[in-house]
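Taking UniProt numbering, the leading residue of the sequence shown gets 1, the next gets one more, and so forth. Glycine residues also receive a C-beta, built at the ideal position from the N, C-alpha and C atoms. Note sheet for the following structure.
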Amino acid sequence: MEAAAEPGNLAGVRHIILVLSGKGGVGKSTISTELALALRHTGKKVGLLDVDLCGPSIPRMLRVQGRAVHQCDRGWLPVFVDQEQGISLMSVGFLLEKPDEAVVWRGPKKNALIKQFVSDVAWGPLDYLVVDTPPGTSDEHMAAVDALRPYGPLGALVVTTPQAVSVGDVRRELTFCRKVGLRVIGLVENMSGFVCPHCAECTHVFSRGGGEELARHTGVPFLGERARATWASALGGRTSPRPLHPKWEEEGVPPVLLGPGSSSPTTRFNGYG
1 MEAAAEPGNL AGVRHIILVL SGKGGVGKST ISTELALALR HTGKKVGLLD
51 VDLCGPSIPR MLRVQGRAVH QCDRGWLPVF VDQEQGISLM SVGFLLEKPD
101 EAVVWRGPKK NALIKQFVSD VAWGPLDYLV VDTPPGTSDE HMAAVDALRP
151 YGPLGALVVT TPQAVSVGDV RRELTFCRKV GLRVIGLVEN MSGFVCPHCA
201 ECTHVFSRGG GEELARHTGV PFLGERARAT WASALGGRTS PRPLHPKWEE
251 EGVPPVLLGP GSSSPTTRFN GYG
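See below:
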(Lines of atoms letter the chains of each structure in order from A and count residues from 1; the text may use other names and numbers.)
(Lines give C-alpha, C1' and ligand atoms only; values in the text may rest on other atoms or scores of the structure.)
Protein backbone atom coordinates (compact mmCIF):
# COMPACT_ATOMS: atom_id res chain seq x y z
CA MET A 1 0.00 0.00 0.00
CA GLU A 2 2.96 2.36 0.39
CA ALA A 3 3.36 2.53 -3.39
CA ALA A 4 -0.04 4.20 -3.69
CA ALA A 5 1.23 7.18 -1.72
CA GLU A 6 4.23 7.87 -3.94
CA PRO A 7 4.01 10.63 -6.54
CA GLY A 8 4.15 9.73 -10.19
CA ASN A 9 2.24 6.46 -9.96
CA LEU A 10 -1.46 5.64 -10.02
CA ALA A 11 -2.47 7.23 -6.73
CA GLY A 12 -4.59 9.73 -8.67
CA VAL A 13 -6.57 7.26 -10.79
CA ARG A 14 -10.35 7.08 -10.29
CA HIS A 15 -11.34 4.00 -12.31
CA ILE A 16 -9.33 1.04 -13.63
CA ILE A 17 -10.74 -1.12 -16.43
CA LEU A 18 -8.98 -4.28 -17.62
CA VAL A 19 -9.97 -5.39 -21.12
CA LEU A 20 -9.87 -9.19 -21.37
CA SER A 21 -10.56 -11.86 -23.98
CA GLY A 22 -10.52 -15.62 -23.93
CA LYS A 23 -8.61 -15.91 -27.21
CA GLY A 24 -6.60 -13.78 -29.60
CA GLY A 25 -7.93 -12.08 -32.70
CA VAL A 26 -11.27 -10.94 -31.28
CA GLY A 27 -10.42 -7.23 -31.41
CA LYS A 28 -9.51 -6.69 -27.77
CA SER A 29 -6.83 -4.11 -28.52
CA THR A 30 -9.18 -2.31 -30.91
CA ILE A 31 -11.87 -2.15 -28.22
CA SER A 32 -9.29 -0.90 -25.70
CA THR A 33 -8.18 1.82 -28.09
CA GLU A 34 -11.69 2.90 -29.04
CA LEU A 35 -12.74 2.90 -25.39
CA ALA A 36 -9.87 5.23 -24.49
CA LEU A 37 -10.74 7.52 -27.41
CA ALA A 38 -14.43 7.57 -26.51
CA LEU A 39 -13.73 8.37 -22.86
CA ARG A 40 -11.42 11.16 -23.96
CA HIS A 41 -14.20 12.37 -26.26
CA THR A 42 -16.38 12.89 -23.16
CA GLY A 43 -13.68 15.04 -21.56
CA LYS A 44 -12.06 12.41 -19.36
CA LYS A 45 -8.33 12.14 -18.75
CA VAL A 46 -7.33 8.63 -19.79
CA GLY A 47 -4.31 6.40 -19.34
CA LEU A 48 -3.86 3.43 -21.68
CA LEU A 49 -1.60 0.64 -20.42
CA ASP A 50 -0.62 -2.04 -22.95
CA VAL A 51 0.47 -5.18 -21.07
CA ASP A 52 0.16 -7.43 -24.12
CA LEU A 53 3.94 -7.73 -24.04
CA CYS A 54 4.28 -10.21 -26.91
CA GLY A 55 1.87 -8.36 -29.20
CA PRO A 56 1.99 -4.61 -28.47
CA SER A 57 -0.26 -3.25 -31.23
CA ILE A 58 -1.77 -0.15 -29.63
CA PRO A 59 1.13 2.22 -30.46
CA ARG A 60 0.59 1.46 -34.15
CA MET A 61 -3.18 1.85 -33.86
CA LEU A 62 -2.70 5.33 -32.42
CA ARG A 63 0.11 6.24 -34.84
CA VAL A 64 2.67 6.78 -32.10
CA GLN A 65 4.93 3.83 -32.88
CA GLY A 66 8.59 4.79 -32.78
CA ARG A 67 8.11 7.40 -30.05
CA ALA A 68 10.73 7.46 -27.30
CA VAL A 69 9.99 7.06 -23.59
CA HIS A 70 11.86 9.60 -21.46
CA GLN A 71 12.81 9.70 -17.81
CA CYS A 72 11.76 12.35 -15.31
CA ASP A 73 12.23 12.69 -11.57
CA ARG A 74 9.12 10.55 -11.02
CA GLY A 75 10.08 7.73 -13.39
CA TRP A 76 9.12 7.07 -17.01
CA LEU A 77 7.02 9.62 -18.86
CA PRO A 78 4.20 7.97 -20.83
CA VAL A 79 3.72 8.84 -24.49
CA PHE A 80 0.93 11.38 -25.02
CA VAL A 81 -1.33 10.52 -27.93
CA ASP A 82 -2.92 13.95 -28.43
CA GLN A 83 -1.68 17.51 -28.16
CA GLU A 84 -3.93 18.18 -25.17
CA GLN A 85 -2.24 15.26 -23.34
CA GLY A 86 -5.66 13.77 -22.66
CA ILE A 87 -4.53 10.20 -23.44
CA SER A 88 -1.25 8.86 -22.08
CA LEU A 89 0.06 5.50 -23.30
CA MET A 90 2.70 3.11 -22.04
CA SER A 91 3.66 -0.01 -23.99
CA VAL A 92 6.62 -2.32 -24.34
CA GLY A 93 6.49 -1.36 -28.01
CA PHE A 94 8.22 1.90 -27.10
CA LEU A 95 11.13 0.02 -25.51
CA LEU A 96 12.03 -2.24 -28.44
CA GLU A 97 14.98 -1.33 -30.65
CA LYS A 98 13.18 -2.58 -33.78
CA PRO A 99 9.41 -2.67 -34.41
CA ASP A 100 9.52 -6.34 -35.44
CA GLU A 101 11.66 -7.42 -32.49
CA ALA A 102 10.19 -10.40 -30.62
CA VAL A 103 9.80 -10.29 -26.85
CA VAL A 104 11.23 -13.63 -25.71
CA TRP A 105 10.99 -13.37 -21.93
CA ARG A 106 10.10 -15.77 -19.19
CA GLY A 107 7.34 -15.06 -16.70
CA PRO A 108 9.35 -13.32 -13.94
CA LYS A 109 10.79 -10.73 -16.35
CA LYS A 110 7.36 -10.02 -17.84
CA ASN A 111 5.83 -9.67 -14.39
CA ALA A 112 8.58 -7.28 -13.28
CA LEU A 113 7.99 -5.01 -16.29
CA ILE A 114 4.23 -4.91 -15.69
CA LYS A 115 4.81 -3.89 -12.07
CA GLN A 116 7.25 -1.23 -13.28
CA PHE A 117 4.67 0.11 -15.75
CA VAL A 118 2.29 0.57 -12.82
CA SER A 119 4.61 1.96 -10.15
CA ASP A 120 7.40 3.70 -12.10
CA VAL A 121 5.44 5.61 -14.75
CA ALA A 122 4.48 9.25 -14.13
CA TRP A 123 0.83 8.75 -14.97
CA GLY A 124 -0.43 11.76 -13.04
CA PRO A 125 -4.14 12.24 -12.22
CA LEU A 126 -6.40 10.03 -14.36
CA ASP A 127 -10.14 9.59 -14.60
CA TYR A 128 -9.67 6.18 -16.22
CA LEU A 129 -6.86 3.71 -16.74
CA VAL A 130 -7.69 1.26 -19.55
CA VAL A 131 -5.48 -1.85 -19.46
CA ASP A 132 -5.14 -3.95 -22.62
CA THR A 133 -4.19 -7.49 -21.57
CA PRO A 134 -2.93 -10.53 -23.52
CA PRO A 135 -5.48 -13.14 -24.62
CA GLY A 136 -6.33 -15.94 -22.22
CA THR A 137 -5.22 -16.16 -18.60
CA SER A 138 -1.53 -16.10 -17.77
CA ASP A 139 1.15 -14.78 -15.43
CA GLU A 140 0.76 -11.35 -17.03
CA HIS A 141 -2.88 -11.17 -15.95
CA MET A 142 -2.04 -12.12 -12.38
CA ALA A 143 0.83 -9.62 -12.29
CA ALA A 144 -1.42 -6.84 -13.60
CA VAL A 145 -4.19 -7.58 -11.10
CA ASP A 146 -1.75 -7.77 -8.17
CA ALA A 147 0.01 -4.55 -9.17
CA LEU A 148 -3.18 -2.57 -9.79
CA ARG A 149 -5.34 -3.76 -6.90
CA PRO A 150 -3.81 -1.37 -4.30
CA TYR A 151 -5.03 1.60 -6.33
CA GLY A 152 -8.74 0.89 -6.03
CA PRO A 153 -11.49 -1.42 -7.29
CA LEU A 154 -10.80 -3.08 -10.62
CA GLY A 155 -13.37 -3.70 -13.33
CA ALA A 156 -13.15 -6.18 -16.21
CA LEU A 157 -14.53 -5.58 -19.70
CA VAL A 158 -14.64 -8.92 -21.54
CA VAL A 159 -14.57 -9.07 -25.35
CA THR A 160 -15.83 -11.94 -27.51
CA THR A 161 -16.94 -12.61 -31.06
CA PRO A 162 -20.26 -14.35 -31.79
CA GLN A 163 -18.69 -17.69 -32.78
CA ALA A 164 -19.00 -20.63 -30.40
CA VAL A 165 -15.23 -21.17 -30.11
CA SER A 166 -14.71 -17.62 -28.84
CA VAL A 167 -17.73 -17.74 -26.54
CA GLY A 168 -16.41 -20.98 -25.00
CA ASP A 169 -13.07 -19.36 -24.22
CA VAL A 170 -14.81 -16.38 -22.64
CA ARG A 171 -16.51 -18.71 -20.16
CA ARG A 172 -13.06 -19.56 -18.83
CA GLU A 173 -12.17 -15.87 -18.74
CA LEU A 174 -15.22 -15.18 -16.60
CA THR A 175 -14.17 -17.99 -14.27
CA PHE A 176 -10.75 -16.35 -13.98
CA CYS A 177 -12.40 -13.06 -13.02
CA ARG A 178 -14.38 -14.75 -10.27
CA LYS A 179 -11.33 -16.53 -8.89
CA VAL A 180 -9.20 -13.38 -8.65
CA GLY A 181 -12.04 -11.15 -7.47
CA LEU A 182 -12.40 -9.01 -10.60
CA ARG A 183 -15.81 -7.37 -10.96
CA VAL A 184 -17.06 -7.94 -14.49
CA ILE A 185 -18.43 -4.65 -15.80
CA GLY A 186 -19.88 -6.41 -18.79
CA LEU A 187 -19.36 -8.29 -22.02
CA VAL A 188 -18.95 -6.86 -25.53
CA GLU A 189 -19.66 -8.81 -28.71
CA ASN A 190 -17.22 -7.67 -31.38
CA MET A 191 -17.45 -8.34 -35.14
CA SER A 192 -21.18 -8.99 -34.88
CA GLY A 193 -21.68 -7.82 -38.44
CA PHE A 194 -20.24 -5.86 -41.33
CA VAL A 195 -21.15 -2.23 -41.98
CA CYS A 196 -21.37 -1.29 -45.65
CA PRO A 197 -19.16 1.75 -46.31
CA HIS A 198 -21.68 3.08 -48.85
CA CYS A 199 -25.10 2.74 -47.23
CA ALA A 200 -24.14 2.02 -43.58
CA GLU A 201 -26.36 -1.08 -43.56
CA CYS A 202 -25.12 -3.76 -41.16
CA THR A 203 -25.11 -7.35 -42.44
CA HIS A 204 -24.55 -10.15 -39.93
CA VAL A 205 -22.19 -12.25 -42.03
CA PHE A 206 -20.27 -13.59 -39.02
CA SER A 207 -23.35 -14.78 -37.05
CA ARG A 208 -24.73 -12.82 -34.14
CA GLY A 209 -25.95 -13.16 -30.58
CA GLY A 210 -23.41 -15.53 -29.03
CA GLY A 211 -22.11 -12.88 -26.67
CA GLU A 212 -25.55 -11.73 -25.59
CA GLU A 213 -26.67 -15.31 -24.97
CA LEU A 214 -23.55 -16.01 -22.89
CA ALA A 215 -24.14 -12.85 -20.87
CA ARG A 216 -27.71 -13.91 -20.17
CA HIS A 217 -26.67 -17.41 -19.07
CA THR A 218 -23.87 -16.20 -16.81
CA GLY A 219 -25.65 -13.19 -15.35
CA VAL A 220 -23.06 -10.77 -16.74
CA PRO A 221 -24.26 -7.40 -18.11
CA PHE A 222 -24.30 -7.30 -21.90
CA LEU A 223 -22.89 -3.92 -22.92
CA GLY A 224 -23.57 -4.27 -26.62
CA GLU A 225 -22.19 -5.29 -29.96
CA ARG A 226 -19.70 -3.77 -32.35
CA ALA A 227 -19.90 -4.38 -36.08
CA ARG A 228 -16.88 -4.55 -38.32
CA ALA A 229 -16.43 -1.58 -40.65
CA THR A 230 -13.92 -0.75 -43.35
CA TRP A 231 -12.49 2.10 -41.27
CA ALA A 232 -11.49 -0.35 -38.53
CA SER A 233 -8.75 -1.87 -40.68
CA ALA A 234 -7.28 1.59 -41.09
CA LEU A 235 -7.47 2.50 -37.40
CA GLY A 236 -3.70 2.64 -37.29
CA GLY A 237 -3.85 5.56 -39.69
CA ARG A 238 -5.98 7.86 -37.58
CA THR A 239 -6.14 9.07 -33.99
CA SER A 240 -9.92 9.34 -33.81
CA PRO A 241 -11.95 6.50 -35.39
CA ARG A 242 -15.02 7.18 -37.49
CA PRO A 243 -18.37 6.24 -35.96
CA LEU A 244 -20.29 3.31 -37.39
CA HIS A 245 -22.88 5.53 -39.04
CA PRO A 246 -22.38 8.88 -40.83
CA LYS A 247 -25.00 10.68 -38.72
CA TRP A 248 -23.04 9.83 -35.56
CA GLU A 249 -19.98 11.46 -37.08
CA GLU A 250 -21.98 14.63 -37.69
CA GLU A 251 -23.25 14.60 -34.11
CA GLY A 252 -19.82 13.86 -32.68
CA VAL A 253 -20.89 10.64 -30.96
CA PRO A 254 -18.13 8.20 -29.94
CA PRO A 255 -18.37 4.88 -31.81
CA VAL A 256 -17.48 2.32 -29.19
CA LEU A 257 -20.52 0.26 -28.25
CA LEU A 258 -24.05 -0.32 -29.44
CA GLY A 259 -26.39 -0.97 -26.54
CA PRO A 260 -28.87 -3.85 -26.84
CA GLY A 261 -31.76 -2.73 -29.03
CA SER A 262 -30.28 0.75 -29.26
CA SER A 263 -29.52 2.85 -32.32
CA SER A 264 -26.79 4.86 -30.62
CA PRO A 265 -23.57 3.92 -28.86
CA THR A 266 -23.09 3.96 -25.12
CA THR A 267 -19.93 4.50 -23.10
CA ARG A 268 -21.47 4.23 -19.66
CA PHE A 269 -20.39 1.14 -17.77
CA ASN A 270 -22.71 0.53 -14.81
CA GLY A 271 -21.20 3.11 -12.51
CA TYR A 272 -17.86 3.34 -14.30
CA GLY A 273 -18.95 6.26 -16.47
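What residues in its chain sit with their C-beta under 6 Å from that of alanine 122, if we drop five residues either side in the sequence?
The beta carbon of alanine 122 sits closer than 6 Å to the beta carbons of Gly8, Cys72, Arg74, Gly75 and Leu77 from its chain, once the five residues preceding and following it are set aside; these are given in chain order.
Around the C-beta of arginine 40, are 16 or more other C-beta atoms found within 10 angstroms, so that it is buried, or is it exposed?
It counts as buried.
To the nearest angstrom, how far is the alpha carbon of glutamine 83 from that of cysteine 199?
34 Å
Can you tell which of Gly25, Val13 and His15 has its C-alpha closest to the C-alpha of aspartate 169?
Gly25
Checking 7 Å against the spacing of the C-beta atoms, do proline 221 and glutamate 189 come in under that value?
no
Evaluate histidine 15 with the Cβ neighbour count: other Cβ atoms within 10 Å of its Cβ, from every protein chain shown; 16 or more gives buried, anything less gives exposed.
The residue in question, histidine 15, is buried, as its Cβ has 16 or more Cβ neighbours within 10 Å.
Let's see if you can read the secondary structure: which residues bound the alpha helix (DSSP H) around cysteine 177?
164 to 180
Please say whether leucine 182 and alanine 156 have beta carbons closer to each other than 7 Å?
yes
Taking 7 Å as the threshold (C-beta atoms), are serine 91 and isoleucine 114 in contact?
no
Just verifying my parser: in three-state terms, what is the DSSP assignment at leucine 62?
coil
Is it right to say cysteine 196 is buried, meaning 16 or more other beta carbons lie within 10 angstroms of its own, or is it exposed?
Answer is exposed; the Cβ neighbour count stays below 16.
Could you say which of Trp105, Cys54 and Cys177 lies nearest to valine 145 if we only look at CA atoms?
Cys177
Figure out for me which residue from Met191, Gly211 and Glu213 has the closest Cα to the Cα of histidine 204.
Met191
Who are aspartate 50's beta bridge partners in DSSP?
Per DSSP, Ser91 and Asp132.
Please report the straight-line C-alpha distance between glycine 22 and valine 103, rounded to a whole angstrom.
21 Å
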